[in-house]
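Peer 1: Taken in order, these protein sequences are the chains called A and B.
Residue 743 is where the first sequence starts when you use the numbering used here, and the numbers rise one by one after that.
Residue 140 is where the second sequence starts when you use the numbering used here, and the numbers rise one by one after that.
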Amino acid sequence: MPIHTLTATPAPGRLIQVCAGCGATHTICLDRGGQKSKTGPFALEVGHTLVLAVDASAPVTLTIAASDFRELAHVTAAELAAKVNVTVPGVVATDDAGGLLLESATTGEASRLEVVGGTARTALGFATDGRADPCSSRPVLGQGFGAHRAPDPHVIALRRCNDCGANECLIRTLDCAAPELAGTHFAEHRKVVNALAEHCKASGWSHPELAELHAAETVRPVDLHTALSQGPVVLPPSPPPDKTLAAARAPRGPS
Amino acid sequence: MSARKQFFFRERVTEGELNAAFDDLENADHNLAADLGFTGVLANAVVSPHALVGDLTVDVSGPGILLDPQGARIFFSSLQNVSVAQDHNGVATAVSSAGHEKVVSVFVMFDRAVSDPRIDGNSVTVFFQQDEAFKFVVVQGAEAAAGSSVPPPLRADAILLADVTRRFGQGQIFAADISTARRQDALVVTGAPRSLRRGRTLEALSDLLSLYNAHVSGTVDRHPAAAIDYAGGGAWFDGVANPAATVEAQLDKIVTDLAAASGAAKLGAAATAGTPNALVAGSVKSQLDALLADINAHINNASGAHAASAIAYAGGGAWKDGTTNPAATVEAQLDKVVSDLTADAGAARVGTAARGNWLDGRANPAGVSVLAALTKIITDLSDQTAGADGAARIGAQASGSLASGSVRSQLDALGASAFRATVANVFTATQTFNGTADETAPALTTTPSVSNRRLLWDITGAPVTYHYRMYAGNQAFELTLNARWDGAQWIKDSTDFPSTKLVLTHAEFRLECDSARTSPFTDVWTSSLRIALSDGFFRSLDVNGNWTALGPTETYAGWEGRSPTGAQSFVGTAAAFRKVFPAVPSSITIVVLTSANIASGPTSFFPTVAGTGVSALPLSANTNTSFYARVIAQ
Numbered sequence: 743m744p745i746h747t748l749t750a751t752p753a754p755g756r757l758i759q760v761c762a763g764c765g766a767t768h769t770i771c772l773d774r775g776g777q778k779s780k781t782g783p784f785a786l787e788v789g790h791t792l793v794l795a796v797d798a799s800a801p802v803t804l805t806i807a808a809s810d811f812r813e814l815a816h817v818t819a820a821e822l823a824a825k826v827n828v829t830v831p832g833v834v835a836t837d838d839a840g841g842l843l844l845e846s847a848t849t850g851e852a853s854r855l856e857v858v859g860g861t862a863r864t865a866l867g868f869a870t871d872g873r874a875d876p877c878s879s880r881p882v883l884g885q886g887f888g889a890h891r892a893p894d895p896h897v898i899a900l901r902r903c904n905d906c907g908a909n910e911c912l913i914r915t916l917d918c919a920a921p922e923l924a925g926t927h928f929a930e931h932r933k934v935v936n937a938l939a940e941h942c943k944a945s946g947w948s949h950p951e952l953a954e955l956h957a958a959e960t961v962r963p964v965d966l967h968t969a970l971s972q973g974p975v976v977l978p979p980s981p982p983p984d985k986t987l988a989a990a991r992a993p994r995g996p997s
Numbered sequence: 140m141s142a143r144k145q146f147f148f149r150e151r152v153t154e155g156e157l158n159a160a161f162d163d164l165e166n167a168d169h170n171l172a173a174d175l176g177f178t179g180v181l182a183n184a185v186v187s188p189h190a191l192v193g194d195l196t197v198d199v200s201g202p203g204i205l206l207d208p209q210g211a212r213i214f215f216s217s218l219q220n221v222s223v224a225q226d227h228n229g230v231a232t233a234v235s236s237a238g239h240e241k242v243v244s245v246f247v248m249f250d251r252a253v254s255d256p257r258i259d260g261n262s263v264t265v266f267f268q269q270d271e272a273f274k275f276v277v278v279q280g281a282e283a284a285a286g287s288s289v290p291p292p293l294r295a296d297a298i299l300l301a302d303v304t305r306r307f308g309q310g311q312i313f314a315a316d317i318s319t320a321r322r323q324d325a326l327v328v329t330g331a332p333r334s335l336r337r338g339r340t341l342e343a344l345s346d347l348l349s350l351y352n353a354h355v356s357g358t359v360d361r362h363p364a365a366a367i368d369y370a371g372g373g374a375w376f377d378g379v380a381n382p383a384a385t386v387e388a389q390l391d392k393i394v395t396d397l398a399a400a401s402g403a404a405k406l407g408a409a410a411t412a413g414t415p416n417a418l419v420a421g422s423v424k425s426q427l428d429a430l431l432a433d434i435n436a437h438i439n440n441a442s443g444a445h446a447a448s449a450i451a452y453a454g455g456g457a458w459k460d461g462t463t464n465p466a467a468t469v470e471a472q473l474d475k476v477v478s479d480l481t482a483d484a485g486a487a488r489v490g491t492a493a494r495g496n497w498l499d500g501r502a503n504p505a506g507v508s509v510l511a512a513l514t515k516i517i518t519d520l521s522d523q524t525a526g527a528d529g530a531a532r533i534g535a536q537a538s539g540s541l542a543s544g545s546v547r548s549q550l551d552a553l554g555a556s557a558f559r560a561t562v563a564n565v566f567t568a569t570q571t572f573n574g575t576a577d578e579t580a581p582a583l584t585t586t587p588s589v590s591n592r593r594l595l596w597d598i599t600g601a602p603v604t605y606h607y608r609m610y611a612g613n614q615a616f617e618l619t620l621n622a623r624w625d626g627a628q629w630i631k632d633s634t635d636f637p638s639t640k641l642v643l644t645h646a647e648f649r650l651e652c653d654s655a656r657t658s659p660f661t662d663v664w665t666s667s668l669r670i671a672l673s674d675g676f677f678r679s680l681d682v683n684g685n686w687t688a689l690g691p692t693e694t695y696a697g698w699e700g701r702s703p704t705g706a707q708s709f710v711g712t713a714a715a716f717r718k719v720f721p722a723v724p725s726s727i728t729i730v731v732l733t734s735a736n737i738a739s740g741p742t743s744f745f746p747t748v749a750g751t752g753v754s755a756l757p758l759s760a761n762t763n764t765s766f767y768a769r770v771i772a773q
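1. Which word fits Ala531/B, buried or exposed, when buried means at least 16 other C-beta atoms lie within 10 angstroms of its C-beta?
2. Hey, would you say Leu641/B sits closer than 8 Å to Leu672/B, going by beta carbons?
3. Assuming Val710/B contacts Thr764/B under a Cβ cut-off of 8 Å, what Cβ separation, rounded to an integer in Å, is found between them?
4. Output yes if chain B places a C-beta closer than 8 Å to the C-beta of Phe887/A; else output no.
5. With a cut-off of 8 Å on the beta carbons, I'd call Thr665/B and Asp653/B a contact; round off their distance for me.
6. Contact defined as beta carbons within less than 8 Å: I believe Pro741/B pairs with Ala768/B. What is the distance between those atoms, to the nearest angstrom?
7. Pick helix, strand or coil for Ile806/A, following the three-state DSSP scheme.
8. Count the other CB atoms within 10 Å of the CB of Tyr610/B; is the residue buried (16 or more) or exposed (fewer)?
9. By Cβ distance below 6 Å, which residues in the same chain neighbour Thr728/B in space, the five residues on each side in sequence not counted?
10. Between the region 891-909 of chain A and chain B, which residues of the former have CB atoms less than 7 Å from a CB of the latter, in chain order?
11. With DSSP collapsed to three states, give me the class of Arg306/B.
12. According to the neighbour-count rule (16 or more other Cβ atoms, all chains shown, within 10 Å of its Cβ), is Glu150/B buried or exposed?
13. List in chain order: all unbroken beta strand (DSSP E) runs of 3+ residues lying wholly within the region 280-360 of chain B.
14. Can you name, in chain order, every residue of its own chain whose Cβ lies under 6 Å from the Cβ of Phe744/B, other than the five neighbours on each side?
15. Taking Asp316/B as the reference, give the member of Ser222/B, Asn435/B, Thr385/B, Pro188/B with the closest Cα.
16. Is the region 934-945 of chain A in contact with the region 897-904 of chain A, if contact means three or more CB pairs nearer than 8 Å?
17. Please check if any C-beta of chain B sits within less than 8 Å of the C-beta of Arg863/A.
18. Which residues bound the beta strand (DSSP E) around Asn827/A?
19. For His768/A, write down the residues that DSSP places opposite it in a beta bridge.
20. Which of the three DSSP states is assigned to Glu240/B in this structure?
21. Please list the partners that Leu689/B has in chain A, where partner means a Cβ-to-Cβ separation under 9 Å.
22. Assuming Leu844/A and Gly782/A form a contact by the criterion Cβ under 8 Å, report the distance between their Cβ atoms to the nearest whole angstrom.
23. In terms of alpha-carbon separation, which member of Leu594/B, Ile598/B, Gln614/B lies closest to Asp625/B?
24. If I measure Cβ to Cβ from His239/B and keep anything under 7 Å in the same chain, skipping five residues before and after, which residues do I get?
25. Please report the straight-line C-alpha distance between Asn220/B and Gly338/B, rounded to a whole angstrom.
26. Where Ser667/B and Ala688/B are concerned, what is the direct C-alpha to C-alpha distance, given to the nearest angstrom?
27. For Pro757/B, does the three-state DSSP call read helix, strand or coil?
28. Looking at Ser141/B and Leu164/B, is the spacing between their C-beta atoms short of 8 Å?
29. For Ile758/A and chain B, any beta-carbon pair shorter than 8 Å?
30. Does the CB of Gly750/B have a neighbour CB from chain A at under 8 Å?
31. Go through the region 429-514 of chain B residue by residue and report every complete run of the alpha helix (DSSP H) that reaches 4 residues or more, in order.
32. If you draw a straight line from the C-alpha of Leu390/B to the C-alpha of Pro382/B, how long is it?
33. Quick one: complete alpha helix (DSSP H) runs, 4+ long, within the region 544-621 of chain B?
34. Does the CB of Pro602/B have a neighbour CB from chain A at under 8 Å?
35. Apart from the five residues just before and just after Gln472/B, which ones in its own chain have a Cβ nearer than 6 Å to its Cβ?
36. For Leu171/B, count neighbouring C-beta atoms within 10 Å of its own C-beta (all shown protein chains included) and say buried if the count is 16 or more, exposed if not.
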């Protein structure tokens, strides 16, 4: 289940994502750039570095020292966050469900945080093969591909899950789910995603290539959660994917 | 006396004189009878139909003795047979016309039978012996219509024995054809009410004496009371006179007088002594009045007329059980009746008439006591004899599908057709289990809990050689073909076929198959098709082959090749979902398994209900590029 909780208040709002690939839980601020490590503890080494680019500032390097942690081979997210918070300016680091959540201290379109280098990336689960995170800034509605391809106005790409490397895309849907599906996780998730998309549109959080298009839209999603402004929307637990189910189904006895 | 011939000494007697002497004596004899008027039939000579085989002759009984009208004696010793088919002239007596008749009279007349022929002096033959003889003369009257024929007249030279009636076509003389009304018996005296017809005097006198004696003794020919005089007598008690009259009239008067309302007043009655009541002298009427007054006074006595102890009971028959009822007073007997009947044995003392038969025909005859009858009821109803049990004797009305009859017949019908919990039942008719109108009430239940599995239904799958079975498993419902659970493993009915099992649990729908041709096999089936149901997903498989379902699904996407040479040139592919979502999924997660020369992505674009695009931005142009990723949509 991608979205577990979505709340627009207090601003800037946030969503809690459960990775469909591995089940890890991630907190994503709606108007703030950020990155998150894999779930700790982490096996760090003395001299490990982590290079962070925050907003438009020059990258800052965090270096791990032996005295930073009680046990480098088992550094918790909270320990590491504490290290970051006192070392890297403009970054707010927290322990997010056992992982290290790094967020820009600023909000808005310019708010951005990227892991651009460092020897600690592997230990922390950040990519080292050059793949950029699809969402190092705040989540935006729409996905642009430059002049060579038509953009997709319905996709909200979320931050990569560094536990499994999954890239999740939330899809704004304009079709209407059948009434008999009301109350199902499928329908409720669609309504929440559409609510998020509407919130993005209303907040001007569109992909730059799609801002004009979104502004000109006259069609709104039909399946829409209307209670977002009233407080957090919490979805029930998502059913596991088919693969998970299949894995659980070992040959059994008479029953 | 006859005339005499006085022959004398040395008289030369002639033939004529000797014959005349005989004639004189014979004439005197004849004259005597004629003078006395004593002619006719003296004995027998009764005419009857010919014996044994009837014909147109009649028999005349013998010995017959008659005197003809001249006094000549006619005698024949034995039975004579006389034909009436012809008259004495040889003329047939047959009747020529239908509806006609004639009377043929049978007479007998004197005759001579001559014999001993001798030659007299004139050379003439003379029959020296001339005996008495007889001959029958048959004379026929004129033919006339039936009922109007006239018989021939009587003859002066013969005696009529009987008249015989001849009819048209007659072949036999019957007794009814013979009439003796004109028969000339010697003594015929007509009179009323009695007549005489006899041949001899003694017989006639005897008849007269018998008639007289019978008259005197009153056996026959009694005098009518009207022919007897009553000289008159004294008056009745009430003074009504009884004057002279006939006995008939007086008897009628007596009856009339006594039958009248005043009859009792006409009869006198002497005084009768008695206590407490006596009767004074008077008439029967006065004494009846007095008696009636006394009786009414007694009867009208409302109480205390008699004490029961003062009334004798003569004793009576014994009770049914033999307990006697000897002589006693009515009081004692009444007490005994109550005592006898209220005793425990009371029912044994009272008899009962025959009761109707039981329904099976077993009789309930009379001759038994009430106790015996009650005991027989219990015995009859508790009888467990085959074919003669108590249930066969009790009636039962029609009920449901059960026809009216006996309890036995209905039990038999139930036994033959109804469900019995402890007996294997075979239903050859369609059974319907509609259940109640309550939608929650089951129409059919199997209640024992299932620890492993319970075989609910075994269907013989003819003509193939395996069975179809339905099992209630532990949290599962199973249908099998060619598989029987023996408690530890599955047994194939036929190893020529695979075995299949359909399983429905609380979580999934499963089809399983064991395609091996060996038996037995364990509960791990070699092939399985499983559909999970408990995750709350919506699923459907439509006729176009689309598998539509809610919930996450995972597919695969990969791309490998040389990256494009242009700037911002993406590589990508499509990932078709393994099902169709009922609406566009709102989350697509792409988990990269491996990649090369990828700068960003892959990410989803333009997803639909059936799949999504997967696009990635290469790092460098014209470089070996690839990504392989799981695609999870929901």
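C-beta atoms are modelled at their ideal positions from N, C-alpha and C, and glycine is treated no differently.
Peer 2: Let me spell this out:
1. buried
2. no
3. 6 Å
4. yes
5. 5 Å
6. 6 Å
7. coil
8. buried
9. Ile771
10. Arg891, Asp894, Val897, Ala899, Cys906, Gly907, Ala908, Asn909
11. strand
12. exposed
13. 298-306, 326-328, 335-337
14. Gly752, Ser754
15. Pro188/B
16. yes
17. no
18. Looking at the DSSP string, Asn827/A is not in any beta strand (DSSP E); the run it does join, the alpha helix (DSSP H), is 819-829.
19. Gln759/A
20. strand
21. Leu923, Thr926, His927, Phe928, Ala929, Pro981
22. Not quite, the Cβ-Cβ distance comes to about 13 Å (not below 8 Å), so this is no contact.
23. Leu594/B
24. Glu282, Ala283, Ala284, Ala285, Phe307
25. 21 Å
26. 20 Å
27. strand
28. yes
29. no
30. no
31. 469-481, 485-488
32. 12 Å
33. 546-556
34. no
35. Tyr452
36. exposed
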